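Worksheet: the structure to be examined is printed underneath.
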Amino acid sequence: MGKTIFSKIIDKEIPADIVYEDDQVLAFRDIVPQAPVHILVIPKKPILNLKHVEPEDQDLLGHLLLSVKKIAQQEGLSNGYRVVINNGTDAGQTVDHLHFHILAGRSLLWPPG
Ligand code: 5GP
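Structure, rendered in structure tokens:
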């Protein structure tokens with residue numbers, strides 16, 4: 834399988850508005866924002882989605898969530914934010930690389946569509 838668009842962003846082959854990066858995680862603004870703040874947080878390890886995580890990924894998954902908290906603080910999301918992980922076709926996953934959406938900056942509807 835070829836590289837996903839997110840792997841190309843990790844490798845800096847295509848540009849992105851990066852808001853956070855460390856050795857395991859990259860976060861950047863979504864190119865088609867669904868809210869005033871819409872950030873994607875991804876592992877640098879190419880995991881397709883939650884169906885493909887393994888017990889060895891436990892620390893990485895915890896690190897991703899702690900990164901979400903750090904980014905939310907950095908972005909000043911004091912009114913709250915939503916974290917979404919789309920997994921598979923019915924959930925609307927369009928990029929085959931695990932990603933957490935952070936959505937914020939407006940009142941979000943529930944349930945989602
Ligand atoms: P999914 O639908 O798979 O949960 O989310 C994929 C997200 O990636 C979408 O919100 C889409 O707008 C975003 N996206 C797709 N291609 C690019 C890109 O090249 N750059 C950035 N920054 N976001 C992208």
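For the sequence shown, this note's numbering gives the first residue as 834, with consecutive numbering after it.
Glycine included, every Cβ here is placed at the ideal spot set by N, Cα and C.
As the structure is a prediction and not an experimental result, all values here were calculated from the model.
Heavy atom of the ligand 5GP within 7 Å of V858 beta-carbon: no
Boundaries (first-last residue) of the beta strand (DSSP E) holding A937: F933 to A937
I918 beta carbon less than 8 Å from that of A860: no
Helix, strand or coil at A905 according to DSSP, with G and I counted as helix: helix
Residue from Y853, Q906 and K841 whose Cα sits closest to the Cα of V874: Y853
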